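So that you can map any letter, position 120 of the sequence shown is 123 in this note's numbering, and since no number is skipped, the others follow by simple counting.
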Amino acid sequence: MNFPRVILSLLVLFTAAFAGSNQDFKFSFPNYSYHKFDNGFELILVENRTNPLIASVVVVRTGLRNETPENNGVSHMLEHMTFNGTDRRTQKQLYDELDFHGIYLNAQTSEDYTTFMALNHKEQISPTLDILSDMLFHSTFSPAKFEKEKGIIVEEIRKDSENPDYKEESELRKAFYLKPPYALPVLGTVETVRNMSREQVLSYYRE
4 MNFPRVILSL LVLFTAAFAG SNQDFKFSFP NYSYHKFDNG FELILVENRT NPLIASVVVV
64 RTGLRNETPE NNGVSHMLEH MTFNGTDRRT QKQLYDELDF HGIYLNAQTS EDYTTFMALN
124 HKEQISPTLD ILSDMLFHST FSPAKFEKEK GIIVEEIRKD SENPDYKEES ELRKAFYLKP
184 PYALPVLGTV ETVRNMSREQ VLSYYRE
């Protein structure tokens with residue numbers, strides 16, 4: 004994964020202030036600092052001292068827009084695989100370490116970005132960033148774990164396909180965008196996920 008595709012924001016999430024009615028809406032954006040490094044890595048810092056928590060958000064510039072009908076769902080698969088162990092940590096060690104340090108970690112794939120979100124006490128920022136970095140740059144993509152995740156994602160797709168809201172969104176997406184990549188489903192299809200190879204995901208990861 005190339006650095007220019009990654010933005011790391013260490014922040015306590017900014018807040019919007021609602022005063023009175025909807026007509027009296029006020030938005031307050033906090034002071035922030037922006038840094039861009041020589042390797043393309045971008046850092047946004049937002050400080051909020053109202054509590055001792057730090058939210059770390061890693062935004063990777065890849066998602067549905069980078070896919071084709073043939074590899075549809077590869078971004079979502081890549082997101083799943085980063086939680087399955089690294090060169091330094093097995094999957095169990097990864098989750099045990101998150102629990103030990105009290106770190107909440109989640110991820111989401113969308114049309115344009117894949118986002119990794121961590122929430123931790125300020126004293127645990129060092130292990131949090133170490134774990135995030137390890138997952139993003141040193142995931143092993145275990146063949147056994149890969150096949151397991153394919154099954155999990157297929158079930159996720161099937162479950163969503165039974166949801167009327169999901170069906171409506173899918174049809175609206177096709178009608179609005181008309182052609183790939185944005186007309187494709189973010190999760191992929193049962194067929195594309197089943198036919199996806201580990202080598203295909205690794206190649207996408209290394210781009």
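C-beta: ideal position from N, C-alpha, C; glycine also.
All figures in this text were calculated on a predicted structure; none of them were measured in a lab.
Residue 168 versus residue 137 - alpha carbon distance = As the crow flies, the alpha-carbon of residue 168 is around 36 Å from that of residue 137.
State the start and end residues of the unbroken beta strand (DSSP E) segment that holds residue 134.
-> Boundaries for residue 134: no beta strand (DSSP E) harbours it, while the alpha helix (DSSP H) harbouring it runs 128-141, taken from the DSSP string.
To the nearest whole angstrom, what separates the beta carbons of residue 104 and residue 152, a pair I think is in contact under 8 Å?
-> With a Cβ gap of about 25 Å, residue 104 and residue 152 do not count as contacting.
Using the C-alpha atoms, what's the distance from residue 63 back to residue 119?
-> Taking the straight line joining both Cα atoms gives about 8 Å.
Does the Cβ of residue 37 have 16 or more other Cβ atoms within 10 Å, making it buried, or fewer, making it exposed?
-> Here residue 37 is exposed: its Cβ has fewer than 16 other Cβ atoms, across all protein chains shown, within 10 Å.
Per DSSP, the bridge partner or partners of residue 113 | In the DSSP output, where bridge partners are listed per residue, residue 113 has none listed.
Where residue 62 sits in the DSSP three-state scheme = DSSP places residue 62 in strand when its eight states are reduced to three.
Residue 45 lies in the beta strand (DSSP E); which residues open and close that run?
-> For residue 45, the uninterrupted beta strand (DSSP E) run begins and ends at 45-49, by DSSP.
State the Cα-Cα distance for the pair residue 35 and residue 113, rounded to the nearest angstrom.
-> Pairing residue 35 with residue 113, the inter-Cα distance amounts to about 25 Å.
Please work out which residues of its chain come closer than 7 Å, Cβ to Cβ, to residue 55, disregarding the five sequence neighbours upstream and downstream, and give them in chain order.
-> Cβ-Cβ distances below 7 Å link residue 55 to 124, 125 in the same chain, with the five nearest sequence neighbours on each side left out; the list follows chain order.
Excluding five sequence neighbours on each side, which residues of the same chain lie with their C-beta closer than 7 Å to the C-beta of residue 189?
-> Around residue 189, the same chain offers 67, 79, 112, 113, 114 as residues with beta carbons nearer than 7 Å, after the five sequence neighbours per side are excluded.
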